[in-house]
Amino acid sequence: MVDYFEERGINALEDASARRAHLESQIMRLMADFNLFEELGMPNQLAPPASKEVVNNLAEEKVTKDDGGKCDICLKEYEAEELIKIMPCKHRFHSECIHAWLSKVRSPFRFLTYYQLL
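The opening position of the sequence shown corresponds to residue 116 in this note's numbering, with each subsequent residue numbered one higher.
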């Protein structure tokens, strides 16, 4: 009786060996990347909070009764005539929520400095 792999011309041991070699090379590459980040001090370096000027200059708009939606920071619904801030990525937040968030939150991957460059 011919087994599944022989019937399809597959040498399971050779394929497993090739997959293992590929995985080992990927793991070695990831370890090298991790070591580079450690040498550069990246995991321990936090970006500074966004500057007040950047936060104050975010686009603003008043919510209309038809807008709906909620702030993803405080999870409260927007109310009509409420002033909200709009991030460069078009996400919308209560003005006071995004001010508090961007003045305190620090990111190890320098996420917040992106907004300072715009």
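Just so you know, even glycine gets a beta-carbon here, dropped at the ideal spot from N, CA and C.
- Between the region 195–207 and the region 167–174, the count of C-beta pairs closer than 8 angstroms reaches three or more; the two stretches touch.
- Closest in C-alpha terms to C186, from the list S166, W216, P164 and A165, comes W216.
- Sixteen is the threshold: since fewer than 16 other Cβ atoms of the shown chains lie within 10 Å of the Cβ of Y119, the residue is exposed.
- Rounded to whole angstroms, N126 and H137 show a C-alpha spacing of 17 angstroms.
- The three-state reading of DSSP puts R123 in coil, since its state is none of H, G, I, E or B.
- Between V170 and S218 the beta-carbon gap is near 7 angstroms, inside 8 angstroms, which marks them as a contact.
- If you draw a 10 Å sphere on the C-beta of A131, you find fewer than 16 other C-beta atoms in it, and that means exposed.
- In the displayed model, K191 falls within coil according to three-state DSSP, outside both helix and strand.
- Distances from the CA of T179 to each of E194, L151 and R144 were compared; the closest alpha carbon is that of E194.
- In the three-state reduction of the DSSP assignment, L173 falls in the coil class, being assigned neither a helical nor a strand state.
- Pairing H206 with G184, the inter-Cα distance amounts to about 11 angstroms.
- Comparing alpha carbon positions, the residue from E139, Q141, L190 and S210 closest to K167 is S210.
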